[in-house]
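**Q**
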Amino acid sequence: MFPRCLCQICAEGVLALWIYIERAAEIIAAQPVLPASILLGFLVVYSIVSLFGLIDLDMDAPDFDFDADFDLGSAGGFGMLTFRWLNLAQIPIVIWGGLFTLLWWVTSAVLWVTWDAADYQANWSAAALLSARSAVIAVVLTKFTTEPMKKWFVTARYNAEMLLGQVCQICTGQADANFGQARFKTDAAPLLLNVRTDGATLKKGDLATIIDFDQERRIYTVTAIDDEVQADE
Numbered sequence: 001m002f003p004r005c006l007c008q009i010c011a012e013g014v015l016a017l018w019i020y021i022e023r024a025a026e027i028i029a030a031q032p033v034l035p036a037s038i039l040l041g042f043l044v045v046y047s048i049v050s051l052f053g054l055i056d057l058d059m060d061a062p063d064f065d066f067d068a069d070f071d072l073g074s075a076g077g078f079g080m081l082t083f084r085w086l087n088l089a090q091i092p093i094v095i096w097g098g099l100f101t102l103l104w105w106v107t108s109a110v111l112w113v114t115w116d117a118a119d120y121q122a123n124w125s126a127a128a129l130l131s132a133r134s135a136v137i138a139v140v141l142t143k144f145t146t147e148p149m150k151k152w153f154v155t156a157r158y159n160a161e162m163l164l165g166q167v168c169q170i171c172t173g174q175a176d177a178n179f180g181q182a183r184f185k186t187d188a189a190p191l192l193l194n195v196r197t198d199g200a201t202l203k204k205g206d207l208a209t210i211i212d213f214d215q216e217r218r219i220y221t222v223t224a225i226d227d228e229v230q231a232d233e
């Protein structure tokens, strides 16, 4: 009797799990949710690859001078103000984009389950409109979600030119001419920089001087500091 009951419970559990998986797959593949699902999939893959150190996570916020006077009548000035309002100037793009992707998917899925599925007529035009609506909602949610994070990142006082000649600390297992990241101390949260050395191989914890910045690749070139200087530091 006992083994039979246990088998029945296991079978019911597997069946319930399968039903949940099947339902989740239907939501993920629903046309209005599919664009967000694809982007979320890319985010997961990107995160996994980053954990293995195959690509760099760009954790420093963009370098823009927002103290300049903008011509509000121009498209460029309006674009810059929108960029700043969304906190894209203060929050690293990896964090902002990750939050947006997650919120876009959650918004799309929730609206699909609670509202859209009942009256939805399968066609890509309607799917595009519903997906765009969810994306707009997600953008607004991302703005307010990242609002408290602005104080964690220092961008206004630290740009590429100001970092040249400064000392940073290697935070990956090693840094060489092909890969590496380093932290630069600030009064708030440290900046995480993508770095390449000028030829030497540095290990985690080593101090290095920032000597150049590649604007296109957003990568800093660093050079090793003498052991005596590191000991003094």
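Under UniProt numbering, the very last position in the sequence shown is 233; numbers go up by exactly one each time.
Ideal Cβ positions, reconstructed from N, Cα and C, are used throughout, including at glycine.
Computed from a predicted model, the values in this text were never measured in an experiment.
Closest to asparagine 159 by C-alpha separation, out of Tyr220, Phe179 and Asn178, would be which residue?
**A** The candidate whose alpha carbon is nearest that of asparagine 159 is Tyr220.
**Q** Could you round the C-beta distance between valine 195 and glutamine 174 to whole angstroms and report it? I think they count as a contact, below 8 Å.
**A** No, valine 195 and glutamine 174 are not in contact; Cβ-Cβ is about 11 Å, not under 8 Å.
**Q** Near leucine 141, which residues of its chain fall below 6 Å by C-beta distance, leaving aside the five closest residues on each side in sequence?
**A** Leu103.
**Q** Can you give, in chain order, each stretch of the beta strand (DSSP E) that sits fully within the segment 148 to 207 and has at least 3 residues?
**A** The segment 148 to 207 contains these whole beta strand (DSSP E) runs: 167 to 170, 181 to 184 and 191 to 197.
**Q** From proline 35 to tryptophan 115, what does the alpha carbon distance come to, in whole angstroms?
**A** Rounded to whole angstroms, proline 35 to tryptophan 115 spans 18 Å at the Cα level.
**Q** Assuming alanine 122 is part of the beta strand (DSSP E), what are its boundary residues?
**A** Premise fails: alanine 122 is in no beta strand (DSSP E) and is neither H nor E.
**Q** Can you tell me which of Lys204, Leu111 and Pro190 puts its alpha carbon nearest to the alpha carbon of cysteine 171?
**A** Looking at the Cα atoms, Lys204 is the closest of the given residues.
**Q** Leaving out five residues before and five after isoleucine 210 in sequence, what residues of the same chain have Cβ atoms less than 7 Å from its Cβ?
**A** Leu163, Leu164, Gly165, Gln166, Cys168, Tyr220 and Val222.
**Q** Hey, could you find the ends of the beta strand (DSSP E) valine 33 is sitting in?
**A** First-last for valine 33: undefined, no H or E at that position.
**Q** How far does the alpha helix (DSSP H) with alanine 109 in it extend, from its first residue to its last?
**A** Segment 93 to 111, the alpha helix (DSSP H) holding alanine 109.
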